[in-house]
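Numbering (the numbering used here), first residue to last: -2 to 177.
Notes follow once the structure below has been shown.
If you want it as structure tokens, here you go:
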């Protein structure tokens, strides 16, 4: 991202947009479309060639971030909502435990079954809540560090933006390798 910022500052040098301290992430998927005066040469082409010539360790950077693609397909708001519904169901089931304890004499096995379920899975359910909170906090901090408004951008949109950039980069990298 630092290289992209530097390239942008060079391209915009001498203009009001030069010497920028950052850029919005919605620029990333547009890099493939930023053309130079050389036919077929884009900012993405330059980025791949720059990495190959000056920063070989960054040439295959997308391999380190291969988890972004599957994560970009997940709807975090849906996960949060689904978890809340699960917790409401578990709480509703717990509310029946006092009566179920009384019904044990009638061979109603609800109390024992739910108690066993809660012993086996209660910790796992709590861990899911902790992980959801951690992801939400990390997403908010990441948005803030990129200068993005967390209220206007979903986690899925954020990841899809990076995924599109990574896919475009991989396509350009493959073209570059074929030409070499």
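Think of the CB as a built atom: it goes at the ideal place given N, C-alpha and C, for glycine as much as any other residue.
Buried or exposed: which applies to residue i, given that a residue is buried once 16 or more other Cβ atoms fall within 10 Å of its Cβ?
{"i": "residue 83", "result": "exposed"}
{"i": "residue 29", "result": "buried"}
{"i": "residue -1", "result": "exposed"}
{"i": "residue 101", "result": "exposed"}
{"i": "residue 63", "result": "exposed"}
{"i": "residue 127", "result": "exposed"}
{"i": "residue 146", "result": "exposed"}
{"i": "residue 165", "result": "buried"}
Contact check, residue i vs residue j under 8 Å by CB: the rounded distance?
{"i": "residue 161", "j": "residue 67", "result": "About 14 Å separates the two Cβ atoms, so there is no contact after all."}
{"i": "residue 136", "j": "residue 159", "result": "Not confirmed; about 12 Å, so no contact."}
{"i": "residue 59", "j": "residue 143", "result": "That pair is no contact at about 18 Å."}
{"i": "residue 157", "j": "residue 72", "result": "In fact, because the Cβ distance is near 11 Å, the residues do not count as touching under 8 Å."}
Query raised in the report: Touch check for the segment 169 to 176 and the segment 31 to 45: three-plus C-beta pairs under 8 Å?
Result: Taking a cut-off of 8 Å for Cβ pairs, the segment 169 to 176 and the segment 31 to 45 touch, as three or more such pairs fall below it.
Query - Completely contained alpha helix (DSSP H) runs for the segment 35 to 96, where each covers 4 or more residues - result: Listed in chain order, the complete alpha helix (DSSP H) runs (minimum 4 residues) inside the segment 35 to 96 are 40 to 51, 65 to 68, 73 to 92.
Query raised in the report: Are there three or more Cβ pairs, one per stretch, closer than 8 Å when the segment 120 to 135 is compared with the segment 71 to 82?
Result: Of all C-beta pairs linking the segment 120 to 135 to the segment 71 to 82, three or more are shorter than 8 Å, placing the two stretches in contact.
Query raised in the report: Between the segment 162 to 169 and the segment 89 to 106, do at least 3 Cβ pairs fall closer than 8 Å?
Result: They do not touch, by the three-pair rule.
Query raised in the report: So, do the segment 104 to 112 and the segment 49 to 56 have three or more beta carbon pairs nearer to each other than 8 Å?
Result: Look at the beta carbons and you see the segment 104 to 112 not touching the segment 49 to 56: under three pairs across the two are nearer than 8 Å.
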